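**Q** Each position in the sequence shown, counted from 1, maps to that position plus 416 in the working numbering.
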Amino acid sequence: MYFLASKSSILLDKMHRSYFEVTCHSPPELKNVLLIDIIKHQSLDRLICNLTIADRCPPKCRCFYQPSRSRTVVDCSRTGRSGLPSALPLRTDLEIDFSSNRLSSMINNNHETKITGNESILYYYSKYIRKLDLSNNSIEIIPDDLMVELRNVSFINLSKNKMTKISRNLQMFNPCQIYIGEIVIHCKCKDIWLQNWLPSFQRKCYNNTRVYCKYHNKKVHILNMTRLELGCRLYNDFILCLIISLAVAVFIVTVSSLSIYTIRFELFIMTRKFLKYCKGIVVPSDAYTYDIYISCNENDVYLRHWLTSSFVPFLQEKNFSVFLPYRDCQIGRLREEETIDIMSTSLNFVILLSENCESSMEMWIKKEWKYAWYNYRYDINREIIVINYDMMDYQDVTHKFLRAFLKMNSFINFSKKDKLIKAEVYSRLQHYHDSVFGKKLCNGPRTRRNSDLDTDIEMKKS
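Structure (structure tokens):
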């Protein structure tokens with residue numbers, strides 16, 4: 417009938433009389449009313465199709481299909497229901513009204529339930545529901561999974577219930593799509609999302625959902641609450657953990673860097689020895705002019721006597737070319753210039769450490785130490801042998817690289833017997849005829865630079 421009436425309205429202006437005198441028989445309020453009158457008064461909304469239990473209309477409910485609005489209404493309001501029904505009309509665009517009942521849950525909890533799987537008929541019909549009214553009941557909890565299923569419903573009314581918590585799944589809804597009314601909750605930091613979800617005071621649907629917090633025995637709108645009042649930390653747990661992790665990392669890096677910087681000379685000496693051992697470095701026979709450069713306190717008479725009468729002759733007997741500054745320096749040449757030249761062409765540096773060297777204001781000895789360390793640092797072939805002449809402790813030495821040798825116990829104590837000192841010095845010297853740490857030289861024995869020395873040795877053998 418609705419289809420006929422809707423099409424007849426187009427020809428209404430051209431019709432001057434009712435040809436068929438068509439009247440309505442039902443519903444009761446339209447009985448014996450002319451169809452032409454309904455069309456004239458634009459009352460097509462009153463043309464509905466009542467649904468019965470056979471059409472799956474729940475008991476005590478009024479169900480009808482209204483073609484003018486393309487909807488099926490299920491009106492179960494004020495029926496005293498304490499649970500949801502077991503069935504609903506199998507139609508699209510359902511507008512369901514369960515308001516003003518005694519519902520305490522949105523799941524089925526009565527004997528009528530026959531739905532298997534999910535525990536609420538709303539799960540099964542969620543794709544058919546257009547509007548849902550559950551206002552003025554006793555509902556306390558909104559199941560999270562049910563809210564996910566109802567996310568496509570055009571409008572949901574949950575006002576005047578007993579809810580004290582709000583599911584975060586409401587974020588899936590437009591705030592104008594759901595009506596909860598006024599709700600008072602114990603606000604916590606986890607509820608801060610509501611400040612972003614709720615509409616501002618200026619929006620037309622502001623009154624749809626008004627969330628108030630219990631704060632110092634007062635009701636305060638959550639939009640007026642600060643993070644501190646909601647119990648939030650200045651930083652969330654992730655940021656706090658990140659800051660702590662960064663702080664710990666910075667602390668570890670700082671401590672490690674300071675530790676490495678403090679023992680940098682010791683680490684360098686150890687690493688250098690390890691690399692020389694692993695690589696088996698071979699010293700070229702023609703790369704250096706002198707085998708040994710001796711640095712000592714030239715003002716110590718006893719030390720000079722030991723060097724001249726015992727130590728240097730021993731080295732020369734072993735075919736080492738030795739440069740002794742107070743003996744071999746050229747008269748008239750700049751001392752520092754000559755020191756740099758000689759040390760740059762020396763393979764080994766023997767440093768005799770004494771208290772007078774540390775306290776002396778003479779700069780030559782300290783410059784010799786400086787250039788010895790420079791050549792040792794940048795040429796892995798070279799070696800430094802430290803002889804602790806006055807048996808000094810590392811705390812008494814100001815030069816850091818010399819202190820590192822003493823800390824590592826990489827020095828020769830002068831308190832030993834003369835033969836032991838010489839033997840230990842000889843074992844630590846870098847030789848031409850062997851690779852580092854006793855590995856054999858690939859190119860054979862040392863080629864001597866001094867042809868006269870070769871001649872003298874051959875004469876002695878003959």
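We put the beta carbon where it would ideally sit given N, CA and C, even for glycine.
Note that the structure is predicted; figures quoted are calculated from it, not measured.
(1) Using DSSP's beta-bridge definition, name the partner residues of G597.
(2) Would I537 and S502 qualify as a contact pair, given that the criterion is a beta-carbon distance under 8 Å?
(3) Tell me whether N517 sits in a helix, a strand or coil according to DSSP, three-state version.
(4) Using the rule of at least 16 other Cβ atoms within 10 Å of the residue's Cβ for burial, across every protein chain shown, is Q846 buried or exposed?
(5) Would you give the residue range spanned by the alpha helix (DSSP H) that F617 belongs to?
(6) Take Y742 as the anchor and find which of N590, L500, S516, I781 has the nearest alpha-carbon.
(7) Out of curiosity, what's the CA-to-CA distance linking T678 and L639?
(8) Go through its chain and collect everything with a Cβ distance to I767's Cβ below 6 Å, but skip five positions before and after it.
(9) Quick check on the DSSP output: what are the complete alpha helix (DSSP H) runs of length 4 or more inside the segment 732 to 789, in order along the chain?
(10) Between the C-alpha atoms of R649 and R643, what's the straight-line distance to the nearest angstrom?
(11) Starting from the C-beta of S551, find all residues in its chain whose C-beta is less than 7 Å away, skip the five residues before and the five after it, and write them out in chain order.
(12) For the segment 797 to 839, list the alpha helix (DSSP H) runs that are entirely contained and at least 4 residues long, ordered along the chain.
(13) Which residue marks the beginning of the alpha helix (DSSP H) containing H721, and which one marks its end?
(14) Using only alpha-carbon positions, find the residue among L463, P483, D607 that is nearest to N585.
(15) Roughly how many angstroms lie between the CA atoms of Y622 and N612, to the nearest whole one?
(16) Which of the three DSSP states, helix, strand or coil, is assigned to K476?
(17) Within 8 Å, do at least three Cβ pairs link the segment 704 to 721 to the segment 755 to 767?
(18) Beta-carbon within less than 7 Å of S760's beta-carbon, same chain only, minus the 5 sequence neighbours each way: which residues are those?
(19) Does S711 come out as helix, strand or coil in the three-state DSSP assignment?
(20) Would the segment 735 to 751 and the segment 793 to 800 be scored as touching if the rule is three or more Cβ pairs under 8 Å?
(21) Within 10 Å of its beta-carbon, does A788 have 16 or more other beta-carbons around it, so buried, or fewer, so exposed?
(22) Less than 8 Å between C-beta atoms, sequence neighbours within five positions excluded: which residues of the same chain meet that for C745?
(23) Could you give the first and the last residue of the continuous alpha helix (DSSP H) run that contains T678?
(24) Tell me the rounded alpha-carbon separation between S583 and M563.
(25) Reducing DSSP to helix, strand and coil, say where N573 ends up.
(26) Between R507 and Y481, is the Cβ-Cβ spacing less than 8 Å?
(27) Do you know offhand how far I558's Cα is from S521's?
(28) When you compare the CB positions of C479 and P505, do they come within less than 8 Å of one another, or not?
(29) Quick check on the DSSP output: the beta strand (DSSP E) that includes I555 runs from which residue to which?
(30) According to DSSP, which residues form a beta bridge with L402?
(31) Just to confirm the assignment, what range does the alpha helix (DSSP H) spanning V438 have?
(32) Just to confirm my understanding: we take S770, look at its own chain, exclude 5 residues before and 5 after, and list those with CB closer than 8 Å. What are they?
(33) On the CB-based measure, 16 or more other CB atoms within 10 Å of its CB, does C694 come out buried or exposed?
(34) Look at the alpha carbon of I758 and the alpha carbon of V669, and state the distance between them as a whole number of angstroms.
(35) May I ask you to report which of helix, strand or coil DSSP gives L548?
(36) Check this for me: beta carbons of F727 and K832, under 8 Å apart or not?
**A** Taking the definition as stated:
(1) Here residue 597 is taken as the residue at index 181 of the sequence shown, counted from 1. Among the bridge pairs identified by DSSP, G597 is matched with T625.
(2) Taking the sequence shown and counting its residues from 1, the one referred to as residue 537 is at position 121. Taking the sequence shown and counting its residues from 1, the one referred to as residue 502 is at position 86. Cβ atoms of I537 and S502: closer than 8 Å.
(3) Here the question's residue 517 lines up with position 101 in the sequence shown. Note: N517 maps to coil in three-state DSSP.
(4) What you label residue 846 is simply residue 430 of the sequence shown in a count that begins at 1. Q846 comes out buried.
(5) By 1-based counting over the sequence shown, the position of residue 617 is 201. Where F617 is concerned, there is no enclosing alpha helix (DSSP H), given that its DSSP letter is neither H nor E.
(6) Counted from its first residue, the sequence shown places residue 742 at position 326. Considering only alpha carbons, the answer is I781.
(7) The sequence position of residue 678 within the sequence shown is 262, counting from 1. The sequence position of residue 639 within the sequence shown is 223, counting from 1. Answer to the nearest angstrom: the Cα atoms are 56 Å apart.
(8) For the purposes of this step, residue 767 is taken as the residue at position 351 of the sequence shown. Take I767, set aside five residues on each side of it, and the residues of its chain with a beta-carbon closer than 6 Å to its own are S711, V802, in chain order.
(9) Counting only runs of 4 or more, we get 741 to 744, 751 to 760, 771 to 775.
(10) On the sequence shown, residue 649 is found 233 positions in, with the first residue counted as 1. On the sequence shown, residue 643 is found 227 positions in, with the first residue counted as 1. Cα to Cα, the separation comes out at about 8 Å.
(11) Within the sequence shown, residue 551 is the residue found at index 135, counting from 1. Leaving aside the five residues that flank S551 on each side, the residues in its chain whose CB is nearer than 7 Å to its CB run, in chain order, S515, N573, L574, S575, K576.
(12) 816 to 823
(13) As a first step, residue 721 must be located in the sequence shown, where it is residue number 305. H721 -> alpha helix (DSSP H) spans 717 to 722.
(14) The residue you call residue 585 lines up with position 169 of the sequence shown. Residue D607 is the option with its Cα nearest to N585.
(15) Taking the sequence shown and counting its residues from 1, one reaches residue 622 at position 206. Taking the sequence shown and counting its residues from 1, one reaches residue 612 at position 196. Their backbone Cα atoms lie some 13 Å apart in a straight line.
(16) Within the sequence shown, the letter at position 60 stands for residue 476. Coil at K476, not helix or strand.
(17) yes
(18) If you number the sequence shown from 1, residue 760 lands on position 344. Result list for S760: N791, in chain order.
(19) Along the sequence shown, read from residue 1 onward, the residue named residue 711 stands at position 295. Strand at S711.
(20) no
(21) Sequence index remark: in the sequence shown, residue 788 carries index 372 (1-based). Under this definition A788 is a buried residue.
(22) Taking the sequence shown and counting its residues from 1, one reaches residue 745 at position 329. Cβ neighbours of C745 beyond the five flanking positions: R751, E754.
(23) Position 262 of the sequence shown, counting from 1, holds the residue named residue 678. Secondary structure note for T678: its alpha helix (DSSP H) is the uninterrupted segment 653 to 678.
(24) Locating residue 583 in the sequence shown gives position 167, counting from the first residue. Locating residue 563 in the sequence shown gives position 147, counting from the first residue. Answer to the nearest angstrom: the Cα atoms are 8 Å apart.
(25) Counting from one through the sequence shown, the residue named residue 573 turns up at place 157. In the structure shown, N573 sits in a strand (DSSP, three-state: E or B).
(26) On the sequence shown, position 91 is the one that residue 507 refers to. On the sequence shown, position 65 is the one that residue 481 refers to. Going by C-beta atoms, R507 is nearer than 8 Å to Y481.
(27) Stepping through the sequence shown from its first residue, residue 558 is reached at position 142. Stepping through the sequence shown from its first residue, residue 521 is reached at position 105. Approximately 8 Å, taken between the alpha carbons.
(28) Within the sequence shown, the letter at position 63 stands for residue 479. Within the sequence shown, the letter at position 89 stands for residue 505. For C479 and P505, yes; Cβs fall inside 8 Å.
(29) Locating residue 555 in the sequence shown gives position 139, where the first residue counts as 1. No beta strand (DSSP E) contains I555, which DSSP labels as neither H nor E.
(30) Nothing in the structure corresponds to residue 402, since the chain is present only between 417 and 878.
(31) Looking up residue 438 in the sequence shown gives position 22. Per DSSP, V438 belongs to no alpha helix (DSSP H) and is neither H nor E.
(32) Stepping through the sequence shown from its first residue, residue 770 is reached at position 354. The answer, listed in chain order, is C712, N713, D716, L719, Y805, D806, M808.
(33) Taking the first residue of the sequence shown as position 1, residue 694 is located at position 278. Under this definition C694 is an exposed residue.
(34) Locating residue 758 in the sequence shown gives position 342, where the first residue counts as 1. Locating residue 669 in the sequence shown gives position 253, where the first residue counts as 1. Whole-angstrom Cα-Cα distance: 42 Å.
(35) Taking the sequence shown and counting its residues from 1, the one referred to as residue 548 is at position 132. Strand.
(36) On the sequence shown, position 311 is the one that residue 727 refers to. On the sequence shown, position 416 is the one that residue 832 refers to. Cβ atoms of F727 and K832: not closer than 8 Å.
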